[in-house]
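Since the structure comes first, as structure tokens, the remarks are kept for the end.
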Amino acid sequence: MTIAERTGMRAIILMFDSLNRHLLPPYADTFVRAPNFGRLAEKAVTFDNCYAGSMPCMPARRELHTGRHNFLHRAWGPLEPFDDSMPQLLRDAGVHTHLASDHPHYWEDGGATYHTRYTTWEFFRGQEGDPWKGVVGAPAAGPGVHGTLDRQDTVNRRYMPAEADHSQTRTVDAGLEFLESNVDADRWLLQIELFDPHEPFFTHQRYKDLYPHDYDGPEFDWPAYAKVTEPDGQVEHARLEYAALVSMCDRSLGRVLDFMDAHDMWRDTMLIVNTDHGFLLGEHGWWAKGMPPWFNELVHLPMFCWDPRTGEAGTRRGELRQTIDVAPTVLRFFGLEPPPDMQGFDLADTGRTRPGALYGVHGGHVNVTDGRYTYLRAAVHEDNAPLEEYTLMPTRMRARFSPGELATWEPAEPFSFTKGLRTMRVPAPGGWMNPWRHGTLLFDLESDPGQQHPITDDETELRLLRLLARLMHDNEAPRSQFERLGIPCDREPGQEHLLVRAQAARAAALAEPLPRDLPARDLLAAPVADLLARTGIREVLDRHLPELAKTELVALPAGTSILDLARRAVIAAGTLRELAAELGG
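So the sequence shown is numbered by the working numbering: it starts at 17 and just counts up by one.
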């Protein structure tokens, strides 16, 4: 059906956060109860090879707006003055765009320019540690940012005693209200964006009852971004808490599908259902994301699209697709040509393929897949340098750049996508998720879909390395990124630039899951600063961890322990085991 033949043009984007493809019924034989995702698969195209691009939350949303990758040039931040924004392009063309969301990061320093690109928007408070309700007498916060967020989350939950009060429910209510108000109108885009099933996994009892199990451990629906050290029963409990939240998300999806059914909206209304990334629930010995390498559980995404232009339903497609494809798809659906800076493809264009999907996080591994192999390229040196950010909006997730960070910025030459503008080139720290520690990894997804056994194959690595370099050039990656990764910028990489074999031993050591039972656990859980002050123990630490007192580890947050460092992949499991044995001997 051509645009001229269609009776109307409306679109709905239903976006989740941290939705795991490998736990959804259309993609896996799973214990998770999500029948509406199966129902969706019957009404739409299910994409089997959709990959993330830039991560995590707001970098992915920058891609949703701009149709191009973010992570090679900057970390978490707002839309830039030179960015094309799909919702704004539609708004400027007379398409009413509306955002209903409970995603708290839109209203922080690093997300402040996204929601205002829509014609209208509304926000529902209470997710994660959203600074919503003020209760002065609440229990004191624990250490670090997580402790502050956890305290506020405890307060917020008091104000959502019933499912109807949950911010997810209220967000979907608002989306359905928009649909009810505009079901007879034309030329609108509704984006219903749910923070769930992002952690913490907060649901009401009806969803927990879907997953009965015996558990008498501590409350545990918010795993730390760290390696798993909890008992098996506690790990399983967290997985079931996540599953309960996915089931709640499934009900929200069903409410949207019900409305479309009741009002015969399938004739002319596009529906895209997607997510930004996944979440590790013990796979590879890890919780969450960001600190481990970007395994497929995190980047191989669920994506569904009903497109009235093609009428294709109940089918599966295997070509490589990415988050950057959403913006050009929606623009073309409304008859607009995507601007030249957009790199994504229209999902309806089955004739276009990409040789590989590029994905990553600023300062982490730079990764590529051709659909068969995944190649996770680490830094060539331990300092993970040089690393730079290019921006005209110097804010981070919850803060502005500090005066110290901005003291050494320099003007950079324009990139083709900056509309002739020079940006600020700012040196960036690169330590907290240092990919050098994890090494460069190559996986064959055909023989090892779970990415449990990295391979050493020089010929395949060289082919993937050259593909990676080509895609980095296509994205105008700055020279510093090539230098950080040990890739030549001005010529094709050769055998001398391979890293898998050279970094394999370190990669294997750090990939080993942490032991659950350790001697001297009280010492391992004590603050490092206290241990370094104790004669005898300091000598043991100097033998096993000579860098502890003379590197950046000196600047650890107060209270950081040896066990904390191991959970953050600063110390390998083997070293931890040897250290525990000597301390406990």
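Glycine residues also receive a C-beta, built at the ideal position from the N, C-alpha and C atoms.
Given the structure is predicted, the values throughout are model-derived calculations rather than measurements.
Chain-order list of residues whose beta-carbon lies under 6 Å from that of I471 (same chain, five-residue window excluded): Mapped onto the sequence shown, residue 471 falls at position 455. Excluding sequence neighbours, I471 sits near L458, D460.
Considering only C-alpha positions, which residue in the set A116, R107, E492, G360 is nearest to C505? For the purposes of this step, residue 505 is identified with residue 489 of the sequence shown, where counting begins at 1. C505 has its Cα closest to that of E492, out of A116, R107, E492, G360.
Less than 7 Å between C-beta atoms, sequence neighbours within five positions excluded: which residues of the same chain meet that for F32? Residue mapping note: residue 32 aligns to position 16 of the sequence shown, counting from 1. Closer than 7 Å at Cβ, skipping near neighbours: L210, D212, P213, C265, T291.
Using only the alpha-carbon positions, how far apart do V570 and D232 sit? Translated into the one-based positions of the sequence shown, residue 570 becomes position 554. Translated into the one-based positions of the sequence shown, residue 232 becomes position 216. Any reading at V570 must be qualified, since the residue scores a pLDDT of 49, below 50, and its modelled position is unreliable; the value itself is stated next. If you take the alpha carbons of V570 and D232, they lie about 38 Å apart.
Would you mind working out which of L564, M488, E96 sits nearest V586, comparing C-alpha positions? The residue you call residue 586 lines up with position 570 of the sequence shown. Measuring from the Cα of V586, the nearest candidate turns out to be L564.
On the CB-based measure, 16 or more other CB atoms within 10 Å of its CB, does A156 come out buried or exposed? As a first step, residue 156 is located in the sequence shown; it is residue number 140 there, counting from the start. With fewer than 16 other Cβ atoms within 10 Å, it is exposed.
Using the three-state DSSP reduction, which class does T285 fall into: helix, strand or coil? Taking the sequence shown and counting its residues from 1, one reaches residue 285 at position 269. Here T285 sits in strand by DSSP.
If you pair each beta-carbon of the stretch 82-101 with each one of the stretch 125-137, do three or more pairs fall below 8 Å? yes
List the endpoints of the continuous beta strand (DSSP E) containing L251. Indexing the sequence shown from 1 puts residue 251 at position 235. First, the amino acid is wrong: residue 251 is Val here, not Leu. Counting along the chain, V251 falls outside any beta strand (DSSP E), though it belongs to the alpha helix (DSSP H) covering 248-278.
Sufficient close CB pairs (3 or more, under 8 Å) joining the stretch 65-80 to the stretch 367-377: Enough Cβ pairs lie closer than 8 Å, so yes.
Tell me, please, whether the CB atom of W204 is closer than 8 Å to any CB atom in chain D? This model lacks chain D altogether, as it is built from one protein chain only.
For N383, the nearest candidate out of V342, T339, L484, P344 (CA to CA): As a working mapping, residue 383 is identified with position 367 in the sequence shown. Nearest to N383 by C-alpha distance, out of V342, T339, L484, P344, is L484.
Three-state secondary structure (DSSP) of H316: One-based indexing of the sequence shown puts residue 316 at position 300. Of the three classes helix, strand and coil, the one that applies to H316 here is strand, per DSSP.
Under DSSP, the alpha helix (DSSP H) around R55 begins and ends at which residues? Along the sequence shown, one-based indexing puts residue 55 at 39. Its alpha helix (DSSP H) spans residues 51-59.
Around the Cβ of A518, are there at least 16 other Cβ atoms within 10 angstroms (buried) or fewer (exposed)? In the sequence shown, counting from the first residue as 1, residue 518 sits at position 502. Exposed, by the Cβ-count rule.
At 4 residues or longer, what runs of the alpha helix (DSSP H) sit wholly inside the stretch 509-591? 516-527, 537-540, 544-548, 553-560, 578-583
Figure out for me which residue from R393, Y406, E58, T551 has the closest Cα to the Cα of E477. As a working note, residue 477 is residue 461 in the sequence shown. Nearest to E477 by alpha-carbon distance, out of R393, Y406, E58, T551, is R393.
When you compare only the Cα positions, how much space is there between R37 and P430? One-based indexing of the sequence shown puts residue 37 at position 21. One-based indexing of the sequence shown puts residue 430 at position 414. Each residue's Cα considered, the two are about 38 Å apart.
Taking all protein chains shown into account, do 16 or more other C-beta atoms lie within 10 angstroms of the C-beta of R193, making it buried, or fewer, making it exposed? Your numbering for residue 193 matches position 177 in the sequence shown. The question names Arg, but residue 193 is Glu in the sequence shown. The residue is exposed, with fewer than 16 neighbouring Cβ atoms inside 10 Å.
Under the rule that 16 or more other beta-carbon atoms within 10 Å means buried, what is H119, buried or exposed? Here residue 119 corresponds to residue number 103 of the sequence shown, with the count starting at 1. Answer is buried; the Cβ neighbour count reaches 16.
Please identify the residue among P356, L296, V289, L165 whose C-alpha is closest to the C-alpha of D323. Here residue 323 refers to the residue found at position 307 when the sequence shown is read from its first residue. Of P356, L296, V289, L165, the residue nearest in Cα terms is V289.
For A68, which three-state DSSP category applies? Here residue 68 refers to the residue found at position 52 when the sequence shown is read from its first residue. Coil.
Decide yes or no for the touch test of the stretch 92-107 against the stretch 131-146: beta carbon pairs closer than 8 Å, at least 3 of them. yes
Please report the straight-line C-alpha distance between A254 and R507, rounded to a whole angstrom. Taking the sequence shown and counting its residues from 1, one reaches residue 254 at position 238. Taking the sequence shown and counting its residues from 1, one reaches residue 507 at position 491. Straight-line Cα distance between these residues: approximately 48 Å.
Nonlocal neighbours in the same chain, by C-beta distance under 8 Å from I553, ignoring five residues either side: As a first step, residue 553 is located in the sequence shown; it is residue number 537 there, counting from the start. Correct list, in chain order: L539, L547, L599.
If you reduce the DSSP assignment to three classes, tell me which class Q467 lands in. Translated into positions along the sequence shown, residue 467 becomes position 451. Note: Q467 maps to coil in three-state DSSP.
Contact check, V188 vs S268 under 8 Å by CB: the rounded distance? Position 172 of the sequence shown, counted from the first residue, corresponds to residue 188. Position 252 of the sequence shown, counted from the first residue, corresponds to residue 268. That pair is a contact at about 5 Å.
Taking the DSSP output, what are the residues bridged to D108? As a working mapping, residue 108 is identified with position 92 in the sequence shown. The partner list for D108 (beta bridge, DSSP) is empty, contrary to what the question assumes.
In the DSSP assignment, find the unbroken alpha helix (DSSP H) run with Q143 in it and report its ends. By one-based count along the sequence shown, residue 143 stands at place 127. Taken as a continuous stretch (DSSP letters only), Q143 belongs to no alpha helix (DSSP H), as it is neither H nor E.
Ignore the nearest five residues each way along the sequence and tell me which others in T113's own chain have a CB closer than 6 Å to its CB. Taking the sequence shown and counting its residues from 1, the one referred to as residue 113 is at position 97. The residues are P103, L106, R107, Y134, T135, L205.
Specify whether the stretch 434-448 and the stretch 400-420 touch according to this definition: at least 3 beta carbon pairs, one from each stretch, less than 8 Å apart. yes
For I19, is the classification buried or exposed, using 16 other Cβ atoms within 10 angstroms of its Cβ as the cut-off for buried? By 1-based counting over the sequence shown, the position of residue 19 is 3. Low per-residue confidence applies at I19: pLDDT is 45, beneath 50, and the placement is therefore not dependable, though the value from the model is reported in the following sentence. Label assigned to I19: exposed.
Contact belief for G270 with N52 at Cβ below 8 Å, rounded distance in angstroms: Here the question's residue 270 lines up with position 254 in the sequence shown. Here the question's residue 52 lines up with position 36 in the sequence shown. Right, their Cβ atoms sit about 4 Å apart.
Give the single residue among A109, Q467, A260 whose Cα lies nearest to the Cα of F217. Locating residue 217 in the sequence shown gives position 201, where the first residue counts as 1. With distances taken between Cα atoms, F217 lies closest to A260.
Same chain only: Cβ atoms within 7 Å of W425, ignoring 5 sequence neighbours per side: Translated into the one-based positions of the sequence shown, residue 425 becomes position 409. So the list reads M440, R441, V442, once near-sequence residues are dropped.
How about the stretch 306-316 and the stretch 336-343: do they share at least three Cβ pairs that are nearer than 8 Å? The stretch 306-316 vs the stretch 336-343: no contact.
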